[in-house]
Amino acid sequence: MESGHQADTNRTERSLQLLPKTEAWEREEVDPAAMEMRIACPIAATLRTITGLSRNRIPLRGSDSLLLGVVYCWPSSPPEDDHFLIRTLGQLSSSYHFTHLLLVGDFNAPKAPWTERQRVGSSGPFTAALTEVVQQSAWTQHVIAPTRYRADKQPSLLDLVITNERHFVDQVAINAPMGHSDHSVLTFDFICYWARNLEPQTWIRNFCRADISGMRIFLDQVKLEPAAVEDLYRTIVQKVHEADAMFVPK
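Residue numbering for the sequence shown follows UniProt numbering, starting at 1 and increasing by one per position.
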């Protein structure tokens, strides 16, 4: 017999074996702090009685952060697993501090009213609860076309992309499946900002805008007294640096 906490932990660990293959890379735009994360999510065809959510918090620029979650729901998962997932989704906003939310994966709720208005209660308790969580949290579900195609069966929308702001994802492209999977590959740009160490800046003086006349007058006023060669050299270098600072802008 597993305790509730241990059971939840084990459920999450086991669900890691079912996660979609995820690829992400950064692309710099005009704003060097802007990142577009492109994620390809082919859903693994693994028959396991597990419903799980794996999540990771990613620091962004300033105090912002991205909560990235990957979900897999097995079609015949027991009610307690469905309740665990719905409860976890409902507690995300209160349990985690984040400004950006991205949830992807196979939610296995084909009758959810993402693209048309219908009675939520007629589509099953899990679908009704999932739709209610998304609506009450003011999240946006971005996929509007079927993502799973199987012979002799009606295409269904199972794989979702959910964010907490509509403008985070512009458009989701539905591509051909990978390998023998019957789930489409979803690609999209997720726009956010990431934290990075500032690179040291090197200042270079702009001699094209230098005040040559003023520099010449300044150096003409330098009086060199008889001294050792080393001392004269240090004096000349010091005066040239002073002239640079005074008459050559950065």
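For each residue, glycine too, the CB sits at the ideal point set by N, CA and C. Just so you know, these numbers come straight off a predicted model, no measurement behind them.
Three-way DSSP call (helix, strand, coil) for residue i in this model
i: Gln201; result: coil
i: Glu29; result: Summary for Glu29: the model assigns pLDDT 35, below 50, so the residue's position carries little reliability; its value from the coordinates is reported in the next sentence. If DSSP states are grouped into helix, strand and coil, Glu29 belongs with coil.
i: Asp189; result: strand
i: Thr235; result: helix
i: Ala245; result: helix
i: residue 252; result: Summary: the structure shown does not reach residue 252, with the chain confined to residues 1 through 250, and so no result is reported for it.
i: Gly124; result: coil
i: Ile162; result: strand
i: His142; result: coil
i: Arg55; result: strand
i: Gly105; result: strand
i: Leu130; result: helix
i: His183; result: strand
i: Ser76; result: coil
i: Glu230; result: helix
i: Val222; result: coil
i: Met215; result: helix
i: Leu85; result: helix
Same chain only: Cβ atoms within 8 Å of residue i, ignoring 5 sequence neighbours per side
i: Lys250; result: Trp203, Ile204, Arg205, Asn206
i: Leu224; result: Leu232, Thr235, Ile236
i: Thr163; result: His100, Leu101, Leu102, Leu103, Trp139, Thr140, His142, Val169, Phe190
i: Asp182; result: Ala45, Arg148, Tyr149, Arg150
i: Val240; result: Leu219
Sequence-distant residues of the same chain with beta carbon closer than 6 Å to residue i, five excluded per side
i: Cys208; result: none
i: Asp211; result: Phe247
i: Leu89; result: Val133
i: Ala33; result: Any answer about Ala33 is weak, because its pLDDT of 35 lies below 50 and its placement is not dependable; what the coordinates show is given next. Only Arg61, Tyr193 meet the Cβ criterion.
i: Trp114; result: Gln141
Cα-Cα separation, residue i to residue j
i: Leu101; j: Gln201; result: 33 Å
i: Leu157; j: Ala176; result: 14 Å
i: His173; j: Val248; result: In the sequence as displayed, the identity of residue 173 is Ala instead of His. Their Cα atoms are separated by approximately 54 Å.
i: His167; j: Gln238; result: 56 Å
i: residue 256; j: Val134; result: Shown here, the chain extends from 1 to 250; a query on residue 256 therefore has no answer.
i: Leu186; j: Ile86; result: 23 Å
i: Asp170; j: Phe188; result: 8 Å
i: Lys111; j: Pro155; result: 11 Å
i: Tyr193; j: Arg61; result: 5 Å
i: Phe190; j: Ser63; result: 19 Å
i: Met178; j: Phe98; result: 32 Å
i: Tyr96; j: Ser184; result: 31 Å
i: Ser123; j: Ser93; result: 26 Å
Residue-level contact to chain C via CB, residue i, 9 Å cutoff
i: Trp139; result: Here chain C cannot be found, since the structure has a single protein chain.
Span of the beta strand (DSSP E) around residue i
i: Asp152; result: Run containing Asp152: none; DSSP gives neither H nor E here.
Bounding residues of the alpha helix (DSSP H) (the contiguous stretch that carries residue i)
i: Ala173; result: Counting along the chain, Ala173 falls outside any alpha helix (DSSP H), though it belongs to the beta strand (DSSP E) covering 169–175.
i: Leu67; result: Not the alpha helix (DSSP H): Leu67 falls in the beta strand (DSSP E), residues 65–73.
i: Gly62; result: Element bounds for Gly62: n/a, residue is neither H nor E.
i: Ser137; result: Neither: Ser137 is in no alpha helix (DSSP H) and is coded neither H nor E.
i: Leu92; result: 92–95
Contacts around residue i, its chain only, beta-carbon distance under 7 Å, and the 5 residues preceding and following it disregarded
i: Met215; result: Ala243, Phe247
i: Leu130; result: Ile86, Phe107, Ala109, Ala112
i: Gln221; result: none
Proximity test, residue i beta-carbon vs the ligand SAH heavy atom, cut-off 8 Å
i: Ala109; result: Judged by which ligands are present, the structure shown has none, so any question about the ligand SAH falls away.
Between the stretch 139–159 and the stretch 77–84, are three or more C-beta pairs nearer than 8 Å? no
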